Ligand code: UDP
Ligand code: MG
């Protein structure tokens, strides 16, 4: 069986069209399937539309979370629930075309565990978003050993053993793109064109994206923590050289001007550096705190199916 996980948060405008397109795309796969919609605390008609779908089609299951937990957790809830031999994760807004799913299945039948869809174009996205996302992959790629493929999102197919591996990763801060790569297993890309959203609006803004990038970096590398020692070392070395210069200079030429400017510059510079690294410590500490609390990832309000 194939399980398809669809996180949905305030998607009333797209759900019916999504259901139509995904059902059409799955007609010709000779596999039974289940459509697992995870209602992530929507505040519009999403839940009632989904409930109607469960009445029409017994392959539809709705997991109604107790509140909005964010997409990453909604996907995790779907993964915990999925029973299929293969699991597909797809957005509800039709940016991930369901017509690609048969290709994903084909690669899975060829023996790949992690078949990820890679967007070959990013229509409807601003140039700033393209640049920042490019930079993000470069930065994180430079700092970790795991390969996080650029231009891929959650849209992918995972085999049963990949899903079981994912379920063993207990972290609360779930940077899914990284986790998919971290588990390893044979992986392959399938290219597709990413369409603009069918309707509704994105739940992302730049502040959220920035936090998402921080999440990725802090979940997958300790490089920023280690930076402190290197930067500190460099500055100490520079300070030592400067000190020697001042001593020699004073011995030969005397000291007629008290060193206010150099003093204030040093103090401000070091103060800034220290604050930056305290901030970095805070990022990691905050995440460690979230893990230590050992809270469950999500709560389910109810599961609806026919
Ligand atoms: N989503 C969710 N919970 C959230 C935000 C988003 O389940 O808190 C779902 C949303 O319904 C959609 C998918 O995650 O199916 C992707 O969301 P969106 O289109 O806003 O992200 P983008 O495509 O802009 O990255
Ligand atoms: Mg979208």
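In this note's numbering, the protein residues as written are 14 to 319. Glycine is no exception: its CB is placed at the ideal position from the N, C-alpha and C atoms. None of these values were measured; they are calculated from a predicted model.
Do you know how far the Cα of residue j is from the Cα of residue i?
i           : j           : result
residue 61  : residue 69  : 13 angstroms
residue 309 : residue 248 : 44 angstroms
residue 47  : residue 227 : 34 angstroms
residue 139 : residue 39  : 32 angstroms
residue 283 : residue 245 : 9 angstroms
residue 59  : residue 102 : 18 angstroms
residue 236 : residue 25  : 42 angstroms
residue 29  : residue 303 : 37 angstroms
residue 211 : residue 27  : 7 angstroms
residue 224 : residue 181 : 25 angstroms
residue 123 : residue 179 : 21 angstroms
residue 272 : residue 266 : 14 angstroms
residue 193 : residue 57  : 31 angstroms
residue 255 : residue 261 : 10 angstroms
residue 202 : residue 257 : 57 angstroms
residue 215 : residue 259 : 58 angstroms
residue 275 : residue 252 : 11 angstroms
residue 217 : residue 263 : 58 angstroms
residue 37  : residue 113 : 12 angstroms
residue 269 : residue 219 : 52 angstroms
residue 71  : residue 288 : 56 angstroms
residue 185 : residue 81  : 15 angstroms
Less than 6 angstroms between C-beta atoms, sequence neighbours within five positions excluded: which residues of the same chain meet that for residue i?
i           : result
residue 200 : 127
residue 91  : 18, 49, 51
residue 44  : 15
residue 85  : 187, 189
residue 142 : none
So, for residue i: in the same chain, excluding its five sequence neighbours on each side, which residues have a beta-carbon less than 7 angstroms away from its beta-carbon?
i           : result
residue 231 : 296, 297, 300
residue 32  : 66
residue 191 : 159, 161, 229, 232, 233
residue 149 : 226
residue 156 : 230, 234, 236
Report, in whole angstroms, the separation of the C-beta atoms of residue i and residue j, which I expect to be a contact under 8 angstroms.
i           : j           : result
residue 159 : residue 195 : 5 angstroms
residue 117 : residue 34  : That pair is no contact at about 15 angstroms.
residue 105 : residue 20  : 7 angstroms
residue 318 : residue 74  : 4 angstroms
residue 243 : residue 132 : With 8 angstroms as the limit, residue 243 and residue 132 do not qualify as a contact, their Cβ atoms being about 36 angstroms apart.
residue 172 : residue 121 : 6 angstroms
residue 115 : residue 41  : 7 angstroms
residue 213 : residue 23  : 7 angstroms
residue 165 : residue 222 : Not a contact, Cβ separation roughly 16 angstroms.
Hey, could you find the ends of the alpha helix (DSSP H) residue i is sitting in?
i           : result
residue 37  : 28-38
residue 115 : 114-122
residue 103 : Premise fails: residue 103 is in no alpha helix (DSSP H) and is neither H nor E.
residue 262 : 236-266
residue 221 : 219-233
residue 73  : Taken as a continuous stretch (DSSP letters only), residue 73 belongs to no alpha helix (DSSP H), being part of the beta strand (DSSP E) at 73-78.
residue 65  : 59-69
residue 161 : No alpha helix (DSSP H) holds residue 161; DSSP gives it neither H nor E.
residue 270 : Per DSSP, residue 270 belongs to no alpha helix (DSSP H) and is neither H nor E.
residue 193 : 189-195
residue 89  : 84-94
Starting from residue i and walking both ways along the beta strand (DSSP E), at which residues does that stretch end?
i           : result
residue 205 : 200-207
residue 168 : 165-172
residue 16  : 15-21
residue 48  : 46-52
residue 315 : 313-318
Enumerate in chain order the residues of its own chain whose CB-to-CB distance from residue i is below 8 angstroms, with the five nearest sequence positions on each side excluded.
i           : result
residue 240 : 290, 293
residue 174 : 126, 198
residue 313 : 76, 77, 78, 79, 90
residue 176 : 92, 95, 100
residue 315 : 77
residue 147 : 163
residue 169 : 101, 102, 117, 127, 128, 129, 130, 193
residue 9   : A question about residue 9 goes unanswered here, because the residues of the chain that appear run from 14 up to 319.
residue 281 : none
Just checking: is the beta-carbon of residue i within a distance shorter than 8 angstroms of some beta-carbon in chain D?
i          : result
residue 63 : No chain D is part of this structure, which consists of one protein chain only.
Using the beta carbon as the reference atom, which residues fall closer than 7 angstroms to any heavy atom of the ligand MG, ordered along the chain?
104, 106, 108, 210, 215
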